[in-house]
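Participant: Going left to right, the sequence shown walks through residues 257 to 419 as this note's numbering numbers them.
Take this structure, written in structure tokens, and hold onto it; I'll ask about it next.
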Amino acid sequence: MPLPHWTSDNVLPQGRHPADLSDLYERFVWDAPHRNEREILFSALSGYLGVVTRLIPSGRAWVSGPLTDRTPDVPSDVDVVLLPDEWGTLKRLDGPARAALYGMLTLRGVIAEQPAMYLEQVQPVGGLLDGFLCHPGDEEVWADAWSRGAAPGIRKGFAEVTW
Numbered sequence: 257m258p259l260p261h262w263t264s265d266n267v268l269p270q271g272r273h274p275a276d277l278s279d280l281y282e283r284f285v286w287d288a289p290h291r292n293e294r295e296i297l298f299s300a301l302s303g304y305l306g307v308v309t310r311l312i313p314s315g316r317a318w319v320s321g322p323l324t325d326r327t328p329d330v331p332s333d334v335d336v337v338l339l340p341d342e343w344g345t346l347k348r349l350d351g352p353a354r355a356a357l358y359g360m361l362t363l364r365g366v367i368a369e370q371p372a373m374y375l376e377q378v379q380p381v382g383g384l385l386d387g388f389l390c391h392p393g394d395e396e397v398w399a400d401a402w403s404r405g406a407a408p409g410i411r412k413g414f415a416e417v418t419w
């Protein structure tokens, strides 16, 4: 089912909209300005979801952020929150798989050693994407955050990819 058309505020209509990658491409790359920059962000998103679906057997990804708005500005990144169908599968990940999953998430306030440094934020895919994990019971908090538009007072919709 294709994503709905843009509203007069250049966002998706409010709500969660089921989509697959071809739907995301059609609306967020083909039907928006700055197609070349959007192609790069879409490639980052597509690769990201490919890795995530190998680590998490089934779940949903809510997609929002600058890529999902049709503004005259060049989009800087794409935001994704992962909602695993069964939280227990994450607890059972072995060391390498758990490390791979953590590498797919945005980290804030990171202290690294050798050389010692403080990093305000570490993002997957070279900073093209912010990836988050929704803990059970926090869905409404994330839905509210993903519905906030860039401009004050604007509410928008977001895409939901299921695997």
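Ideal placement from N, C-alpha and C gives every residue a C-beta, glycine not left out.
Being a predicted model, the structure only gives us computed values, none of them experimental.
Assuming Val417 and Leu305 form a contact by the criterion Cβ under 8 angstroms, report the distance between their Cβ atoms to the nearest whole angstrom.
Facilitator: Reading the sequence shown from its first residue, position 161 is the one you call residue 417. Reading the sequence shown from its first residue, position 49 is the one you call residue 305. Contact flag correct, Cβ pair sits at about 7 angstroms.
Participant: Reducing DSSP to helix, strand and coil, say where Arg354 ends up.
Facilitator: The sequence position of residue 354 within the sequence shown is 98, counting from 1. In this structure, Arg354 counts as helix in the three-state DSSP scheme.
Participant: Helix, strand or coil for Val334? Go by DSSP, reduced to three states.
Facilitator: The sequence position of residue 334 within the sequence shown is 78, counting from 1. Strand.
Participant: Of all the options Leu349, Pro352, Cys390 and Ala372, which has the alpha carbon lying nearest to the alpha carbon of Thr362?
Facilitator: Position 106 of the sequence shown, counted from the first residue, corresponds to residue 362. Cα-wise, what sits closest to Thr362 is Cys390.
Participant: Would DSSP call Thr327 helix, strand or coil?
Facilitator: In the sequence shown, residue 327 corresponds to position 71, counting from 1. Three-state DSSP puts Thr327 in coil, outside helix and strand.
Participant: For Gly303, which residues in the same chain have their Cβ closer than 8 angstroms to its Cβ, ignoring the five residues on either side in sequence?
Facilitator: Here residue 303 corresponds to residue number 47 of the sequence shown, with the count starting at 1. Correct list, in chain order: Val381.
Participant: Beta-carbon within less than 6 angstroms of Asp335's beta-carbon, same chain only, minus the 5 sequence neighbours each way: which residues are those?
Facilitator: Within the sequence shown, the letter at position 79 stands for residue 335. Ser320, Gly321 and Asp386.
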